[in-house]
């Protein structure tokens, strides 16, 4: 499978790139800065330069390069202001979804956030706007023709992965290593039961594959 990852230089994206490459998949890492290319290559991916804040859907589609699946793992980052929560966290996901449909990359995974959709779009608080933007992005993807999966992790840590998680519609507040989020995405890409599902995930006691297999695919899946 050929997988394109938007936000290809992010921590989760690089971990995911290595997991997918080690499993024999071809990975394209979409990056905004040329200086990030070497890190993507080192992780086993092929870097492609494209800026989701300025590119057209056709340009992003070209960058996907015939991918079978796409992952939205981009984000404006903790130091960004309100405006980029809309232009990256929301609009970037919408743009990638449009591009994926253009090239037939119908398997589509979004790295969202616990609490997405519960923010206040009119707030001056950046985190409130972030949650609102992520919610609008998720809604747009769910309205698409894609075979989507929306992953909403709890607080992210850089601890070593455990390979064990808790998933569900609502799992309560908690944290999860980025390595385990990457594992969830890698497994979800090949797990039909995750198609058209939105789920929260935190650290837990259930092996990732077993946890995801317990989900029920949504309507129009397959």
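Numbering (our numbering), first residue to last: 444 to 665. Each residue gets a CB set at the ideal place from its N, CA and C atoms; glycine is no exception. Bear in mind that the values here come from a model prediction, so they are computed numbers and not experimental data.
Which of the three DSSP states is assigned to residue 530 in this structure? In the structure shown, residue 530 falls within a helical segment according to DSSP collapsed to helix, strand and coil.
Which one of 517, 580, 541 and 549 has the shortest CA to CA distance from residue 561? Proximity to residue 561 across 517, 580, 541 and 549 peaks at 580, based on C-alpha coordinates.
Does the region 644–656 touch the region 605–619, meaning 3 or more C-beta pairs lie closer than 8 Å? yes
Nearest-angstrom Cα separation, counted from residue 572 out to residue 527: 10 Å
Check the Cβ-Cβ distances between residue 589 and every residue of chain B, and say whether any is below 9 Å. The structure shown contains no chain B; it holds only a single protein chain.
Just curious, the beta strand (DSSP E) that residue 643 is in, first and last residue? For residue 643, the enclosing beta strand (DSSP E) begins and ends at 640–646.
Per DSSP, residue 512 forms a beta bridge with which residues? 446 and 550
Distance, Cα to Cα, residue 535 vs residue 516? 10 Å
Note down, in chain order, each residue of its chain lying with its Cβ closer than 6 Å to the Cβ of residue 614, except the 5 sequence neighbours on either side. Only 643 and 645 meet the Cβ criterion.
Can you tell me which residues form a DSSP beta bridge with residue 611? 643
To the nearest whole angstrom, what separates the beta carbons of residue 589 and residue 542, a pair I think is in contact under 8 Å? At roughly 11 Å, the Cβ-Cβ gap does not stay under 8 Å, so residue 589 and residue 542 are not in contact.
Given residue 512 as reference, the closest of 618, 554 and 546 once Cα atoms are compared: Restricting attention to 618, 554 and 546, the CA atom closest to the CA of residue 512 is found in 546.
Jot down the residue ranges of each uninterrupted alpha helix (DSSP H) in the region 533–593, minimum 4 residues, whole runs only, in chain order. The region 533–593 contains these whole alpha helix (DSSP H) runs: 534–546 and 569–585.
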